[in-house]
Each structure stands twice: as C-alpha cells, then as structure tokens.
Amino acid sequence: MGLGNSAPSLLFSYKVNFTREIPNDFYLSGDRVQGIIQIATNDNENDLIQKYGPLYVELIGELHDFKTDTHQHYTKGVQIFFRTRTQIIQLPNDNQKLGTNHLRNYRWAFDGSLDSLLPSSLPPGDECDPCICYYALVYLRRADNNDFARKFPFLVFTRASNPIFTRQSLQNNIVDARVRHKGVTVYGTLSNNGLVVPGQTLILQIEIDNPMKVTMKLIRATLKQYRHITDQDTDFTVFSFILPGFKPKGFNSEYRQSTYELPIPMEKCRLMPPTSSYKSVRYELDIQCHLNCSFNNQFTLTLPIICTTDHQQPLKILDELKSVPEILRRLTIRKEKKQPPSYEDFMASEILPKYEDIIH
1 MGLGNSAPSL LFSYKVNFTR EIPNDFYLSG DRVQGIIQIA TNDNENDLIQ
51 KYGPLYVELI GELHDFKTDT HQHYTKGVQI FFRTRTQIIQ LPNDNQKLGT
101 NHLRNYRWAF DGSLDSLLPS SLPPGDECDP CICYYALVYL RRADNNDFAR
151 KFPFLVFTRA SNPIFTRQSL QNNIVDARVR HKGVTVYGTL SNNGLVVPGQ
201 TLILQIEIDN PMKVTMKLIR ATLKQYRHIT DQDTDFTVFS FILPGFKPKG
251 FNSEYRQSTY ELPIPMEKCR LMPPTSSYKS VRYELDIQCH LNCSFNNQFT
301 LTLPIICTTD HQQPLKILDE LKSVPEILRR LTIRKEKKQP PSYEDFMASE
351 ILPKYEDIIH
C-alpha cells in the first residue's frame, strides 16, 4: 500500500496474531485480548515510531444495521457499542538482516480487556441483515494517510451460564417432542438434554407410528439459529440435509425407529454463539416430514437446542506474551509514583482520533 502521491514507493505490511484465532476459537465477554503486531516497511528511517508513531490498538464492537440500503454512507449504518484502547509494549526488532526486499520489521505486544456483558458476534445471513462484529483497529497516530490503519476481526461470545433443566429432563437426559398429522405420529428425541457443541455429534432418535400406512417420501433435518438485533428478528440456517435410509419410493410401514448422528463441524464455530437471552439468540432443530399426497403434505416436528461454549480451546500464550502481565504491572507502579497530570493535560493526551478519519 502506498502513501498517496507524495511517496508512492512507501510500503507498509501489517500482521496481527491473536491468542485466540478465528475461525475456530473465540474470546468470552470479560476475557483479556492479547496478541502481537508486526509491521514491515521499506521506510529508511531507523525509528518508525519517532516518525509516524505512536502506535495504537483499539478493541471495537460494532452493530451493523444497513436496513435495505447497502450503498448508504458506512457510518450511517454502524453503531459502536464498545471501544477501548489496549496497552502497548514494543518488542525487540531484528533488523540486522534486511534481506533482498530491504524491509524493516517492527513488533509490539498488546493487551486489553473486554467488558463482561458484551453481546456475541453474529454474522449476517445476507448483506442487509443486522450483525454484530468485533475487531482490533491498529493505526499510527501521526500518519497522514488512512492506509496506515487496519482492522483485524476476532470473535466474542457471551459468557453463557449453566442451562437450567427440569427434574424430568435431568432424569431422562433427553429433549423430546411429538406431532401427529394425517394419521401419522412422529416422536423425536435428542440426547444430552439437547446441548449442542461445534465439533461434536448430536444424537437424534425418531419413531414413526403409521397405522394407515401413509407413504412418507423423506425427512429433512434443519438446524436454525434465531436472533433479535435492534428491532429485527432474523434467522440463519446452520445446516440442512435429508436424513438417510428412505427408499426411492418412500416409507409406508406401520412402524419405524431410527437413530441419526448429526455432526456439527468445528468450522461452524464462528456461526454458533451460545444460546442467550441477551440479544435473544436461540436454536431449533426442525424435522420436516414430507408425505406422498396431493395437498397438505408437509408437517414439522420442532426440538429446542441449547448451544454452549464448551468448545472454547485451551488458551495458548505465545512465549513473548508470558511476561506482558508483569511488565504492565511494573509500568502501572511507575505511573502511580508520578505526579498525576492536570485535567487539561489528561484531556489533551487521551482524545481519540475521529472514527470517520480512520476508516475512510
């Protein structure tokens, strides 16, 4: 990327490594977000920060709601509900060997905290759906061009409380439902109290009581997510497929019992925040039955699903981040020994750059 017409040969390359990387890992609300930033540049200056700095990293949460006009000005459809500046520690840079591309590398560790009651990341079903996203905004304070600013996404899920079950459900360890249509009764059960975890398997058992031997052509299982953001209710299909085992002509016996394993791929992680009353995220498994008749030939059995955060991976701290808490503690003690700044000095040093100036 270039620096406008004044210095077209100036290049900057950003790279950020989070302690929890998408798409298969996420932070919980209240967690600490840490990572390492690397900037590679062909600028000949030995001190990037002296020329363009200081470097800032902000953690930002946005609610996007573009309604039906996706061409409106970006900031008109964006509400920033969370914004905090992280603490920055510059790491040693090895620029002894610049290589054939003559790029200098600069590296920093950053550390910031998420609020304890943040809503989950929610991807849009289509470009007009409201959604919630989080990212780290990295920029150099004295850079004159917005090419110096970059946004790096990460996932945040609401810290889910333990689900509450009735005594009956705990005893049977199942969630069940029954529906009757045109003399056909379908009974469905989910094991493990309907708890679903990406990377694991959901066990579905179906019993069909069909005394009139009505032909059933197929059964489709659809896992749907429902969310309420702002004033809109939207839904998102996690998966949908036809259950195996039906012959081409269908099924018309008096009774059938089948067990199905419904795998939840780990790559669905980013699409499956936990069930939560905050921003109203819930899940349902629809069992859609199709009969071989001329009219009113479909009916649906619905089973409630609870999605948890049990699939959060063990936290792996990079070696260079292990000393960050102690460094920050020492810096805090050092700051406390200094005379506190005046109100005017504090306001002058803490004013954030305008959001519009950074993203455009």
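The sequence shown: position 214 = 214 (the UniProt record's numbering), numbered continuously. All residues carry an ideal CB built from backbone N, CA and C; glycine is no exception.
The region 101-108 / the region 120-137 touching (three or more Cβ pairs under 8 Å):
no
Would Ile-49 and Tyr-14 qualify as a contact pair, given that the criterion is a beta-carbon distance under 9 Å?
Within the sequence shown, the letter at position 49 stands for residue 49. Within the sequence shown, the letter at position 14 stands for residue 14. No, the pair does not count as a contact, with Cβ atoms beyond the cut-off.
What is the rounded straight-line gap between the Cα of Met-212 and the Cα of Lys-182?
Position 212 of the sequence shown holds residue 212. Position 182 of the sequence shown holds residue 182. Cα to Cα, Met-212 sits roughly 9 Å from Lys-182.
Tell me the start and end of each unbroken alpha helix (DSSP H) in the region 157-217 that is at least 4 residues and wholly inside, in chain order.
167-172
Among Tyr-260, Ile-229, Arg-85 and Pro-198, which residue has its Cα nearest to the Cα of Arg-270?
The residue labelled residue 270 in the question sits at position 270 within the sequence shown. Of the candidates Tyr-260, Ile-229, Arg-85 and Pro-198, the one whose C-alpha sits nearest the C-alpha of Arg-270 is Pro-198.
Classify Tyr-255 as buried or exposed, calling it buried when 16 or more other Cβ atoms lie within 10 Å of its own Cβ.
Here residue 255 refers to the residue found at position 255 when the sequence shown is read from its first residue. Per the 10 Å Cβ criterion, exposed.
Could you check the C-alpha separation between Met-272 and Asn-42 for me, to the nearest Å?
Start at 1 with the first residue of the sequence shown, and residue 272 comes out as number 272. Start at 1 with the first residue of the sequence shown, and residue 42 comes out as number 42. Using only the alpha carbons, I get a separation of about 41 Å.
For Ile-229 versus Pro-130, is the C-beta distance shorter than 9 Å?
Locating residue 229 in the sequence shown gives position 229, where the first residue counts as 1. Locating residue 130 in the sequence shown gives position 130, where the first residue counts as 1. Closer than 9 Å, so yes.
Which residues bound the alpha helix (DSSP H) around Gln-313?
The residue given as residue 313 occupies position 313 in the sequence shown. It is not in any alpha helix (DSSP H) - Gln-313 carries neither H nor E in the DSSP assignment.
For the region 32-63, list the beta strand (DSSP E) runs that are entirely contained and at least 3 residues long, ordered along the chain.
32-41
Going by CA-CA distance only, name the one from Leu-262, Asp-231 and Asp-310 that's closest to Phe-241.
For the purposes of this step, residue 241 is taken as residue 241 along the sequence shown, with counting starting at 1. Checking every option, the nearest Cα to that of Phe-241 belongs to Leu-262.
For Gln-171, which residues of its own chain have a beta-carbon under 7 Å away from its beta-carbon, when the five flanking residues on both sides are left out?
Residue numbering aside, residue 171 sits at position 171 when the sequence shown is read from its first letter. Residue confidence for Gln-171 is low, a pLDDT of 48 falling below 50, so the modelled location carries little weight; the figure read from the coordinates is stated next. So no residue of the chain qualifies.
Does Arg-270 come out as helix, strand or coil in the three-state DSSP assignment?
Here residue 270 corresponds to residue number 270 of the sequence shown, with the count starting at 1. It is helical.
Tell me which residues share the same chain as Lys-249 and place their Cβ nearer than 7 Å to its Cβ, disregarding the 5 neighbours each side in the sequence.
Stepping through the sequence shown from its first residue, residue 249 is reached at position 249. So the list is empty, once near-sequence residues are dropped.
Quick one: what's Leu-291 bridged to in DSSP?
To locate residue 291, count along the sequence shown from 1; it is residue 291. Answer by DSSP bridge pairing, in chain order: Met-216.
Determine the DSSP secondary structure at Leu-321, reduced to helix, strand or coil.
Stepping through the sequence shown from its first residue, residue 321 is reached at position 321. If DSSP states are grouped into helix, strand and coil, Leu-321 belongs with the helices.
Can we say the region 288-308 touches the region 174-192, given the rule of at least three CB pairs closer than 8 Å?
yes
Would you check if there are 3 or more beta carbon pairs closer than 8 Å linking the region 221-236 to the region 82-89?
Not touching, per the Cβ criterion.
When you compare the CB positions of Gly-188 and Gln-200, do they come within less than 9 Å of one another, or not?
Locating residue 188 in the sequence shown gives position 188, where the first residue counts as 1. Locating residue 200 in the sequence shown gives position 200, where the first residue counts as 1. Cβ distance not < 9 Å, so Gly-188 and Gln-200 don't count as in contact.
DSSP-derived helix/strand/coil call for Gly-77
Sequence index remark: in the sequence shown, residue 77 carries index 77 (1-based). Here Gly-77 sits in helix by DSSP.
With a threshold of 6 Å on Cβ separation, who are the neighbours of Asn-5 within its own chain once the five nearest residues in sequence on each side are excluded?
Translated into positions along the sequence shown, residue 5 becomes position 5. Any reading at Asn-5 is ruled out, since the residue's pLDDT is 38, under 50, leaving its predicted position unreliable.
Find out if the Cβ-Cβ distance for the pair Val-57, Val-186 is shorter than 9 Å.
Position 57 of the sequence shown, counting from 1, holds the residue named residue 57. Position 186 of the sequence shown, counting from 1, holds the residue named residue 186. No, these two residues do not count as a Cβ contact at 9 Å.
Leu-315 burial status per 10 Å Cβ neighbour count (16 or more: buried):
On the sequence shown, position 315 is the one that residue 315 refers to. It is exposed - the Cβ of Leu-315 has fewer than 16 other Cβ atoms within 10 Å.
Quick one: using the 10 Å Cβ neighbour count with 16 as the cut-off for buried, is Arg-141 buried or exposed?
Position 141 of the sequence shown holds residue 141. Arg-141 comes out exposed.
Only counting the same chain, and skipping five residues up and downstream in sequence, which positions put a Cβ closer than 8 Å to that of Thr-19?
Position 19 of the sequence shown holds residue 19. Taken in chain order, the residues that qualify are Val-33, Gln-34, Gly-35, Leu-315, Lys-316, Ile-317, Leu-318 and Leu-321.
Below 9 Å between beta carbons: does that hold for Asn-17 and Gln-313?
As a working note, residue 17 is residue 17 in the sequence shown. As a working note, residue 313 is residue 313 in the sequence shown. No, they are not a contact pair.
Confirm, please, whether the CB-CB distance from Asp-115 to Ser-29 is below 9 Å.
Counting from one through the sequence shown, the residue named residue 29 turns up at place 29. Counting from one through the sequence shown, the residue named residue 115 turns up at place 115. It is a contact, given that the beta carbons lie within the stated cut-off.
Leaving aside the five residues before and after Asn-210 along the sequence, list all residues of the same chain whose C-beta is less than 6 Å from its C-beta, in chain order.
The sequence position of residue 210 within the sequence shown is 210, counting from 1. Once the five neighbours on either side are set aside, the close Cβ partners of Asn-210 are Val-184 and Glu-254.
Taking the C-alpha atoms as reference points, what is the distance between Ile-22 and Met-266?
Locating residue 22 in the sequence shown gives position 22, counting from the first residue. Locating residue 266 in the sequence shown gives position 266, counting from the first residue. Approximately 11 Å between the Cα atoms of the pair.
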